Structures are given as structure tokens and as C-alpha cells.
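Just below is one structure, and these are the notes that go with it.
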Amino acid sequence: MNEYAKQYVARLRNGRGETVTGGELMELQQAAPLLWSESRKWLQSTCHEINRCKKSDTLDFELGGQEEARVLRKLPVTRRLHVRSRTMSQRIEYTCGAAKGEYTCGIGEDRRAVLTDVYHTMISTSALRKTLLEILYASQCPTVRTASRPHDV
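In the numbering used here, the protein residues as written are 40 to 192.
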């Protein structure tokens, strides 16, 4: 067996691999819906706050059941942000124009729920919420950039 294979097997045996224990699974099953609920409520209240400040219905927030939310931006160009929680796979997915991606819910070293992108970079729920609205904003304005790495998956 080559050296890399030995190290990989050793990591799995030591629990440093990406396996989920029974306790972590229970924590994930409780944490993921809570993260989604908080994010959905934040998106809704932020859309209402933006409309109140602009004194117009710039953003329409719609619920699509317990696991979906849509934000429609009317001006300057109509665009739709669609965010969906996948309870079984513990993921939050989004699409907005050509941009699409997903974040996976996990349990961090401090035993708190965390979100990671496809690059395994952790992101806070507050940063995710803001990123989603920035993606919606950027879909209107081709020259606006929201992050240093692409959001496409």
C-alpha cells in the first residue's frame, strides 16, 4: 500500500475522516432545520426592511412550504433568488440566474452547527444570508462582484 493510502486509512480509523457518528447525526438532524429557519426568517425580515426603507416593493419574499423561499427583485431587472433546504442531505441550495450552489450543514470542532461550501470553507449563517442577497443584487449588475471565488457549482 502506498504512503497516501496508509495515511488515508489511518485518518479514517482515528475518526479524522468525514464520517458522521450517531451523536453527530442527531445533532445535525436538529441543527440543520434550525439554521434554515433562522436564515429564512432573516431573509423575510430583511426584504421587508429594504422595502420599508426604499418606500417601494423592490423585493418580494415568498415561502414555498417549509423548505423553500424565493425572493423576487423587481427593479432594475426582474430576477429571482430561489433558496431550498434539503433536510435529508442537510444542505441549503440556491439558484439565481446563472449562479447556483449549495452549502452543507455540519458540526464544527466546538460542537456548533456550521455551514461549508463546496470548497469545504466554513461560512457563518449571517455571512450566507448576506451572500445570498448579494448574489441577487449582482445578478442585476454584471460588473458587481460578490466574492473572490465563484459561486457556481
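Glycine included, each C-beta is placed from N, C-alpha and C at the ideal position.
In this text, all values refer to a predicted model and were calculated from it rather than measured experimentally.
Pick helix, strand or coil for residue i, following the three-state DSSP scheme.
| i | result |
| --- | --- |
| H159 | coil |
| R196 | Only positions 40 to 192 of the chain appear in the structure, and residue 196 is not among them; the question remains open. |
| T134 | strand |
| L114 | coil |
By the 10 Å Cβ neighbour count, where 16 or more other Cβ atoms means buried, how is residue i classified, buried or exposed?
| i | result |
| --- | --- |
| L175 | buried |
| Y158 | exposed |
| R168 | buried |
| A108 | buried |
| G56 | Residue placement at G56 is flagged as unreliable, the pLDDT there being 46, under the threshold of 50; the coordinate-derived value follows with that caveat. Classification for G56: exposed. |
| C144 | buried |
| L172 | buried |
Within a Cβ cutoff of 8 Å, which residues of the same chain sit near residue i, ignoring the five residues on either side of it in sequence?
| i | result |
| --- | --- |
| I89 | T97 and L98 |
| E106 | W75, R123, S124, R125 and T126 |
Counting along the chain, where does the beta strand (DSSP E) carrying residue i start and finish?
| i | result |
| --- | --- |
| L120 | R118 to R125 |
| G140 | A138 to I146 |
| D149 | Here D149 belongs to no beta strand (DSSP E), and DSSP marks it neither H nor E. |
| D99 | L98 to L102 |
Once you ignore the five residues that flank residue i on each side, which residues in its own chain have a CB closer than 6 Å to its CB?
| i | result |
| --- | --- |
| L111 | D99 and R119 |
| I131 | S124 and Y142 |
The alpha helix (DSSP H) with residue i in it runs from where to where?
| i | result |
| --- | --- |
| A177 | T164 to A177 |
Are any of the Cβ atoms in chain C nearer than 8 Å to that of residue i?
| i | result |
| --- | --- |
| A70 | Included in the structure is just one protein chain, with no chain C present. |
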